[in-house]
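According to the numbering used here, the sequence shown holds residues 0 to 258 in order. Below is one structure, written out as structure tokens; comments come after it.
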Amino acid sequence: MANIKELSVEEKLRALYDLQLIDSRIDEIRNVRGELPLEVEDLEDEVAGLSTRLEKLKGDLESIEEQIKGKKAAIEDHKAAIKKYTEQQKNVRNNREFNSLTKEVEFQELEIQLAEKHIKEMKASIEHKKETIAQSQEKLDAKQTHLDHKKSELDAIMAETEKEENFLFEKSNEYRALIEQRLLTAYDRIRGSVRNGLAVVSIERGASAGSFFTIPPQTQMEIAARKKILTDEHSGRILVDSSLADEEREKMEQLFASI
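In structure tokens, the structure reads:
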């Protein structure tokens with residue numbers, strides 16, 4: 000591989016145009032995937048969020064059921080206390096002791112009523128939670144099915160294009176290594192600023208293939224001479240003559256066909 004300093008202007012232009020053709024091919028492959036990777040990512044986030052919510056709901060349900068068990072145990076304790084105080088009333092020595100025990104029994108009965116009220120409320124809450132869990136599970140299942148379908152779709156596309164894409168990435172890096180950093184920086188900047196990703200374009204019928212603005216004849220002659228790296232004043236794209244572009248396109252088509 001030639002050293003960067005040894006490259007002529009024409010060699011730099013060829014390397015830049017080849018890099019453009021390779022990167023454009025990678026763009027085409029990515030366009031085939033379209034929004035699928037983002038769709039899969041969004042669905043994965045949704046499924047994770049729904050799973051977390053479902054686990055929390057199930058945890059809440061278990062907590063309520065434990066609270067009901069606690070209330071039922073408390074009711075049994077209160078009943079045992081009532082039995083104890085009632086037995087004690089049989090052996091009291093005076094009305095004051097009897098009344099005191101009566102108040103204790105009444106207190107325990109109120110505690111039982113309160114606990115039963117709480118149990119009733121919690122049972123209603125459980126039914127509501129169960130409905131919400133069922134709805135959440137149904138939604139999660141639907142999202143998971145949709146995610147599995149989209150992932151399968153993406154995997155199929157990836158399987159078809161992975162070999163070619165990896166090969167093209169290697170070639171892209173090879174050509175980038177040939178090009179000086181200043182030109183690479185300009186190339187990447189232009190590619191990032193234009194919608195179609197074309198940073199290096201040919202002259203077609205006297206106009207820039209990227210912007211379609213007419214290029215002055217004198218500039219066209221300079222481009223064809225391949226002694227300077229010139230850009231389209233309207234779009235900032237690097238320009239190459241159509242003959243060079245045809246030669247490099249043919250070379251790259253053969254490369255792509257060999258993958």
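Glycine included, each C-beta is placed from N, C-alpha and C at the ideal position.
By the C-beta density criterion, Asp-231 is buried, having at least 16 other C-beta atoms within 10 angstroms. By alpha-carbon distance to Gly-191, the top candidate from Gln-217, Gly-235, Gln-253 is Gly-235. When C-beta atoms of the region 15 to 26 are compared with those of the region 194 to 203, three or more pairs fall below 8 Å, so the two segments count as touching.
In this structure, Leu-56 is the residue among Glu-45, Gln-219, Leu-56 with its C-alpha nearest to the C-alpha of Glu-130. In this structure, Glu-43 lies away from Leu-139, with their beta-carbon atoms at least 8 Å apart.
Around Lys-226, the same chain offers Val-8 as residues with beta carbons nearer than 7 Å, after the five sequence neighbours per side are excluded. Between the alpha carbons of Val-193 and Ser-210 lies a distance of about 10 Å. Residue pairing for Glu-203: DSSP places it in a beta bridge opposite Ala-206. Ranked by Cα distance from Lys-150, the first of Asn-165, Ile-28, Val-39 is Val-39.
The three-state reading of DSSP puts Ile-178 in coil, since its state is none of H, G, I, E or B.
The three-state secondary structure of Ile-237, taken from DSSP, is strand. Runs of the beta strand (DSSP E) lying entirely within the region 92 to 137 and spanning at least 3 residues: none are present. Per DSSP, the beta-bridge partners of Thr-213 are Ala-206. When the five nearest sequence neighbours on each side are left out, the beta carbons in the same chain lying within less than 8 Å of the beta carbon of Gln-219 are those of Ile-202, Gly-205, Asp-240, in order along the chain. Beta-bridge pairing by DSSP links Thr-160 to no other residue. The criterion of a C-beta distance shorter than 8 Å is not satisfied by Leu-6 and Leu-243. Residues of the same chain with a CB within less than 6 Å of the CB of Ile-111, apart from the 5 flanking positions on each side, are Ile-74, His-77 in chain order. Under the DSSP assignment, Arg-24 falls in the alpha helix (DSSP H) whose first and last residues are 8 to 32. Annotated as distal: Ser-135 and Leu-254, with beta-carbon spacing of 8 Å or more. When only Cα atoms are considered, Ala-123 and Glu-103 end up about 30 Å apart. In this structure, the alpha-carbon of Glu-164 lies about 17 Å from that of Glu-34.
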